[in-house]
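To convert a position in the sequence shown, counted from 1, into the numbering used here, add 11.
Heads up, the beta-carbon is just placed ideally off N, CA and C, and yes, glycines get one too.
Have a look at the structure below, then the notes.
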Amino acid sequence: MERLDKLVSSVFGLSRREAQAAVRQGRVEVSGAPIRLPETKVDPAAPIALDGEEGAYARYVYIMLDKPAGYVSATEDSRDPTVLELLPELYLKRKLGVAGRLDKDATGLLLLTDDGTLNHRLTSPRYHLDKRYDVRLDYPAREKDVRVFAEGMDLGDFTAMPGLLEIDPLDPTHCFVTIREGKFHQVKRMFEKCGRRVLALRRVAMGGLLLDEALGEGGFRLLTAQEIQYLTEKCAIKQESQK
12 MERLDKLVSS VFGLSRREAQ AAVRQGRVEV SGAPIRLPET KVDPAAPIAL DGEEGAYARY
72 VYIMLDKPAG YVSATEDSRD PTVLELLPEL YLKRKLGVAG RLDKDATGLL LLTDDGTLNH
132 RLTSPRYHLD KRYDVRLDYP AREKDVRVFA EGMDLGDFTA MPGLLEIDPL DPTHCFVTIR
192 EGKFHQVKRM FEKCGRRVLA LRRVAMGGLL LDEALGEGGF RLLTAQEIQY LTEKCAIKQE
252 SQK
């Protein structure tokens, strides 16, 4: 059994205060009956509706975040602000993990979830999910750099798998890079190998899932059921109920 206000908060993505207000206003029904006391204990498996729209308790949460620069891709850090500080308190009680970290100065797509299996597979070398980046350089990229990326690259501590470098024909200091590993500073190091320095790095896709640019830096949203299903299939996870 679980408090109704907590359940409403989790199911419909409301703050605890908003959930309590909705309950008191008679906008919440459990098994077809309105309940006005936020502290009422209810069965999480029972049908629950807000303003007539039925929801379901989420076993896991899956969050898409447009990471701004200046935040570290970690759940805790003694020196720098973490990406968790961009989320409402209601999500902080879950054991969220960051799938596919970004450098502190990088921006763009981050996925956060408490689904340990999906988190592991999104970052596991075994699955090699494509990661696509929008990159700005100090000097123009060249066709020979495209070939170097395509051949793979010895970076000293590891050999990068072949990557795809696409140069903007109107501005060769702007390009897109698609790689699979996502090692520490990998994109920056690959360009350094080509004699170029990365000025700005923004991840725009991961495993074929596109960043929702409508979020804006620092914005977030829950993944849709279709997006969750797409990722689980991409990671070869047996589809289970998310409810």
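- Between Leu-107 and the set Lys-78, Glu-87, Leu-222, the nearest pair of CA atoms involves Glu-87.
- Distance from the CA of Ser-89 to the CA of Val-83, rounded to the nearest whole angstrom, comes to 11 Å.
- Measuring C-alpha to C-alpha distances from Glu-192 to each of Leu-121, Gly-167, Leu-133, Asp-223 identifies Leu-133 as the nearest.
- Scanning Lys-104, Gly-174, Val-159 for the CA closest to the CA of Arg-143 turns up Gly-174.
- Within the DSSP bridge table, the entry for Lys-78 names Gly-119 as partners.
- Taking Pro-45 as the centre and dropping the five residues before and after it, the same chain places the C-beta of Gly-37 closer than 6 Å to its C-beta, in chain order.
- With fewer than 16 neighbouring CB atoms inside 10 Å of its own CB, Arg-28 falls in the exposed class.
- Runs of the alpha helix (DSSP H) lying entirely within the region 132-182, each at least 4 residues long, are 154-162 in chain order.
- Thr-243 has its alpha-carbon roughly 29 Å from the corresponding atom of Phe-160.
- Assigned with DSSP and collapsed to three states, Phe-231 falls in strand.
- Take Ile-74, set aside five residues on each side of it, and the residues of its chain with a beta-carbon closer than 8 Å to its own are Leu-98, Tyr-102, Leu-107, Leu-122, Leu-123, Thr-124, Phe-231, Arg-232, Leu-233, Leu-234, in chain order.
- Sorting Arg-153, Lys-199, Met-164 by C-alpha distance to the C-alpha of Glu-177 places Arg-153 at the top.
- If you look at Glu-64, you'll find it in the beta strand (DSSP E) that goes 64-66.
- For the pair Phe-187 and Asp-145, the CB atoms are nearer than the 7 Å cut-off.
- In this structure, DSSP gives Gly-127 a helical state, which the three-state scheme calls helix.
- The C-beta of Arg-137 has fewer than 16 other C-beta atoms within 10 Å across all chains shown, which makes the residue exposed.
- Closest by C-alpha distance to Leu-220, out of Arg-208, Val-198, Lys-245, Asp-182, is Lys-245.
- Judged by DSSP secondary structure, Val-209 falls outside any alpha helix (DSSP H) and instead within the beta strand (DSSP E) spanning 209-217.
- The alpha-carbon separation between Pro-180 and Leu-212 amounts to approximately 19 Å.
- For Thr-189, the enclosing beta strand (DSSP E) covers residues 185-190.
- Per the coordinates, the alpha-carbon of Leu-166 lies some 11 Å from the alpha-carbon of Phe-195.
- Put simply, of Arg-105, Lys-104, Arg-14, Val-209 the residue whose alpha carbon is nearest the alpha carbon of Arg-147 is Val-209.
- Bounds of the alpha helix (DSSP H) holding Val-22 are 15-23.
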